[in-house]
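Protein chains: 2
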Amino acid sequence: MSTRSLKSLSKDEVKDLFNSVDTILTDCDGVLWLHTKALPGSPEVLNEFRKMGKRVFYITNNNVITRDDFLIKCEKLGYAAVKEDVLTTSYLTACYLQDIGFKKKVYIVGTSGISRELNLVGIRNIGVGPDPLRVDVATLVMQDFKLDPEVGAVIVGFDEHFSYPKMLKAASYLNQPDCLFIATNTDERGPSRVNDCVVPGTGSMVAAIETCVGRKPFLVGKPGAYIIDAIRERYNVDPKRTLMIGDRCNTDILLGTRCGFKTLLVLSGVNTVEDVMQWEKSDKKEDHELIPDYYIGTLGDLLPMLS
Amino acid sequence: MSTRSLKSLSKDEVKDLFNSVDTILTDCDGVLWLHTKALPGSPEVLNEFRKMGKRVFYITNNNVITRDDFLIKCEKLGYAAVKEDVLTTSYLTACYLQDIGFKKKVYIVGTSGISRELNLVGIRNIGVGPDPLRVDVATLVMQDFKLDPEVGAVIVGFDEHFSYPKMLKAASYLNQPDCLFIATNTDERGPSRVNDCVVPGTGSMVAAIETCVGRKPFLVGKPGAYIIDAIRERYNVDPKRTLMIGDRCNTDILLGTRCGFKTLLVLSGVNTVEDVMQWEKSDKKEDHELIPDYYIGTLGDLLPMLS
Chain X
5 MSTRSLKSLS
15 KDEVKDLFNS
25 VDTILTDCDG
35 VLWLHTKALP
45 GSPEVLNEFR
55 KMGKRVFYIT
65 NNNVITRDDF
75 LIKCEKLGYA
85 AVKEDVLTTS
95 YLTACYLQDI
105 GFKKKVYIVG
115 TSGISRELNL
125 VGIRNIGVGP
135 DPLRVDVATL
145 VMQDFKLDPE
155 VGAVIVGFDE
165 HFSYPKMLKA
175 ASYLNQPDCL
185 FIATNTDERG
195 PSRVNDCVVP
205 GTGSMVAAIE
215 TCVGRKPFLV
225 GKPGAYIIDA
235 IRERYNVDPK
245 RTLMIGDRCN
255 TDILLGTRCG
265 FKTLLVLSGV
275 NTVEDVMQWE
285 KSDKKEDHEL
295 IPDYYIGTLG
305 DLLPMLS
Chain W
5 MSTRSLKSLS
15 KDEVKDLFNS
25 VDTILTDCDG
35 VLWLHTKALP
45 GSPEVLNEFR
55 KMGKRVFYIT
65 NNNVITRDDF
75 LIKCEKLGYA
85 AVKEDVLTTS
95 YLTACYLQDI
105 GFKKKVYIVG
115 TSGISRELNL
125 VGIRNIGVGP
135 DPLRVDVATL
145 VMQDFKLDPE
155 VGAVIVGFDE
165 HFSYPKMLKA
175 ASYLNQPDCL
185 FIATNTDERG
195 PSRVNDCVVP
205 GTGSMVAAIE
215 TCVGRKPFLV
225 GKPGAYIIDA
235 IRERYNVDPK
245 RTLMIGDRCN
255 TDILLGTRCG
265 FKTLLVLSGV
275 NTVEDVMQWE
285 KSDKKEDHEL
295 IPDYYIGTLG
305 DLLPMLS
């Protein structure tokens, strides 16, 4: 199947498309804002969706913030939102542990974004904060570190205090076959380079731990299909009547493909129409999963088409 | 081809085998010693090799120590050795940079084992030692960290002070396409578990940086085939007349297969005869590359067969 420009659709086709969806999932950075600046027209489009009776969810692989932090950002940038609209991977990780009836303690490689969401649902956790090597590795192994027998899961998210002792502790817990291994997301690096810096993302830290334990984590964030379980259960969402909007095909669009959503790529972020054209020519099934049903320049460009 | 127990060979066959080699490369941990204890008979076998006129090289993926450090360990455990016999990956990395005429500066993720070997050949380097996050990531990116324009290579070895700022710096240098990316080795974890701890190895740190830069490093250590270039050039070694001895098939034996050495597995370390039997039954070419020509219980078991 090939992608279509939303602008090439007739007014009736656009109307039919939006009549066929009840739920809209939208990525945030690159769709709604770039870093701290709202993208023009995007807030108005989301308002329009709501006027049309659509349920809108904000869905982000960010796990450094909680849903409450996210609401503060929304308010600053002019986006209407209540807590139930917000799906951060910090929150989704807490949902997942609730869903499986997890009762033990979690060792977190990550920030307080995760621990605060876990605290809200009463899941005990340790690990957040700086943990540099205070002794040498031999002393750490032989004396300093004792496995906490209560720990039954390791969550790896973005951790600016990522360190060798954290790797060692995560790997040692995960060496117990019944210890759950959960990754909030696997984004390799930050979305853009600032000042010639590459900002390593959660995926880099997951790769380090995955390599030393020799097994793969359960992926909570995009493009992991858990998200649809989380919201179907909680909010009665029908995948066939859901539209996923995003700027990155290997997370946003791939999630949509995997869950059976309709998909819309906006060109205000990571991927371009040229990328999509290349995947259309490819022989590989996995490339075709990255192709959105529709694309449009910016989300704001939708506004005149909706009224 | 299937593996053979050295003990199943006749005296003449053993004689022919050792007449067919001039050079012997031996792994260390698991073959010559376990941690700080010599394996019985191994020193005598190496002495016997030398009496037979063989050139013996010690070859280890260890990069935390220099060749001088290694000699101290050899003396303690009863192994005769001079500096020229010792191939640590810290030393081999210095050899590689010399071989390619590298003149710039190196950013090291690793210990002074690497920097001291580089200093000995006059290669400038930075990065060794603790580098925890002292500010927040945004400040690190925007103000604190400036790329050193002299840096033209990143070496990743074992680093007990591995940290987020080190990942960010390594990735930022490597984002320049002409910056060399070198891994001393890719061993995922330490050879054995002590006190329920899994000790992450160099390979875990390499995986983290590889993931955020999106490219593969040049591998200096086993099973990378660079080693044969390094010693062929320096010591006039003939691969066809070389025997590789090791306890780990995916480094030692694979190196031997790739370089056209004869290979001998000792069973005093990582791999077992059962592992080898499984690879013999496998359809995969890469499994067959792990199969040694010969195996024996311990290196010491060779002693009566040599006299």
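Protein chains in written order, with our numbering: chain X, 5 to 311; chain W, 5 to 311.
Idealized CB from N, CA, C, for every residue including glycine.
Proximity winner among the options, relative to residue i (alpha-carbon distances)
| i | options | result |
| --- | --- | --- |
| residue 175 of chain W | W:149, W:139, W:90, W:124 | W:149 |
| residue 32 of chain W | W:16, W:40, W:62 | W:62 |
| residue 130 of chain X | X:117, X:137, X:64 | X:117 |
| residue 54 of chain W | W:75, W:99, W:78, W:85 | W:85 |
| residue 93 of chain X | X:222, X:10, X:134 | X:222 |
| residue 114 of chain W | W:166, W:77, W:103, W:304 | W:166 |
| residue 194 of chain W | X:141, X:151, X:231 | X:141 |
| residue 182 of chain W | W:109, W:201, W:243, W:211 | W:109 |
| residue 228 of chain W | W:121, W:204, W:189 | W:189 |
| residue 4 of chain W | W:204, W:172, W:105, W:10 | This structure does not reach residue 4 of chain W, given that chain W is present from 5 up to 311, and the question cannot be answered. |
| residue 217 of chain W | X:215, X:214, X:220, X:208 | X:208 |
| residue 24 of chain W | W:248, W:269, W:295 | W:248 |
| residue 91 of chain W | W:81, W:69, W:111, W:79 | W:69 |
| residue 284 of chain W | W:253, W:123, W:306, W:66 | W:253 |
| residue 158 of chain W | W:15, W:199, W:220, W:192 | W:220 |
| residue 76 of chain X | X:239, X:40, X:57 | X:40 |
| residue 323 of chain W | W:230, W:200, W:238, W:186 | Absent from the structure is residue 323 of chain W, since the part of chain W shown begins at 5 and ends at 311. |
| residue 143 of chain X | X:121, X:22, X:295, X:169 | X:169 |
| residue 36 of chain X | X:282, X:310, X:271 | X:271 |
| residue 139 of chain X | W:139, W:134, W:138 | W:134 |
| residue 65 of chain X | X:103, X:184, X:230 | X:230 |
| residue 199 of chain X | W:30, W:177, W:60, W:80 | W:177 |
| residue 242 of chain X | X:9, X:26, X:10, X:18 | X:26 |
| residue 160 of chain X | X:127, X:201, X:205 | X:205 |
| residue 58 of chain X | X:111, X:45, X:30, X:43 | X:30 |
| residue 312 of chain X | X:162, X:180, X:215, X:71 | Nothing about residue 312 of chain X can be reported from this structure: the residues present for chain X run from 5 to 311 only. |
| residue 152 of chain X | W:147, W:201, W:211, W:152 | W:201 |
| residue 312 of chain X | X:46, X:295, X:72, X:132 | Absent from the model: residue 312 of chain X. The displayed extent of chain X is 5 to 311, so no value can be given. |
| residue 98 of chain X | X:67, X:20, X:263, X:45 | X:67 |
| residue 111 of chain W | W:71, W:132, W:104, W:22 | W:132 |
| residue 266 of chain X | X:245, X:251, X:179 | X:245 |
| residue 262 of chain X | X:210, X:80, X:287, X:225 | X:225 |
Whole-Å CB distance - residue i paired with residue j, under 8 Å assumed
| i | j | result |
| --- | --- | --- |
| residue 269 of chain W | residue 280 of chain W | 7 Å |
| residue 203 of chain X | residue 203 of chain W | Contact flag wrong, Cβ pair sits at about 28 Å. |
| residue 258 of chain W | residue 48 of chain W | Wrong, their Cβ atoms sit about 28 Å apart, outside the cutoff. |
| residue 100 of chain W | residue 121 of chain W | Not really, about 11 Å apart at Cβ, beyond 8 Å. |
| residue 83 of chain X | residue 50 of chain X | 6 Å |
| residue 184 of chain W | residue 156 of chain W | 6 Å |
| residue 310 of chain X | residue 43 of chain X | Not quite, the Cβ-Cβ distance comes to about 16 Å (not below 8 Å), so this is no contact. |
| residue 60 of chain W | residue 89 of chain W | 6 Å |
Residues from the segment 165-176 of chain W in contact with chain X, defined by Cβ distance under 7 Å: 165, 166, 167, 168, 171, 172, 175, 176
Residues of the segment 210-229 of chain X with Cβ closer than 9 Å to any Cβ of chain W, in chain order: 210, 211, 212, 213, 214, 215, 216, 217, 218
Contacting positions in the segment 134-150 of chain X - beta carbon closer than 9 Å to chain W: 134, 136, 137, 140, 141, 142, 144, 145, 146, 147, 149, 150
The segment 65-81 of chain X: positions lying closer than 8 Å to chain W by Cβ: none
Runs of beta strand (DSSP E) wholly within the segment 252-302 of chain W (minimum 3 residues, chain order): 266-270, 298-300
Positions along the segment 261-286 of chain W whose CB lies within less than 7 Å of some CB in chain X: none
Any alpha helix (DSSP H) of 4 or more consecutive residues that is wholly inside the segment 18-84 of chain W: 46-55, 71-81
Under 8 Å (Cβ pairs) to chain W, residues found in the segment 180-208 of chain X: 192, 193, 197, 198, 199, 200, 201, 202, 203, 204, 205, 207, 208
Cβ contact (3+ pairs, closer than 8 Å) linking the segment 284-291 of chain X and the segment 5-13 of chain W: no
Against chain W: residues of the segment 231-243 of chain X by CB proximity under 8 Å: none
Sufficient close CB pairs (3 or more, under 8 Å) joining the segment 269-281 of chain W to the segment 297-308 of chain W: yes
Ordered list of alpha helix (DSSP H) runs contained in the segment 174-262 of chain X, each at least 4 residues: 206-217, 230-239
Against chain X: residues of the segment 288-299 of chain W by CB proximity under 9 Å: none
Runs of beta strand (DSSP E) wholly within the segment 116-171 of chain X (minimum 3 residues, chain order): 155-160
Three or more C-beta pairs below 8 Å linking the segment 228-247 of chain W and the segment 8-15 of chain W: no
Members of the segment 153-165 of chain W near chain X, C-beta cut-off 8 Å: 163, 164, 165
Whole beta strand (DSSP E) elements within the segment 81-111 of chain X, 3-residue minimum: 90-92
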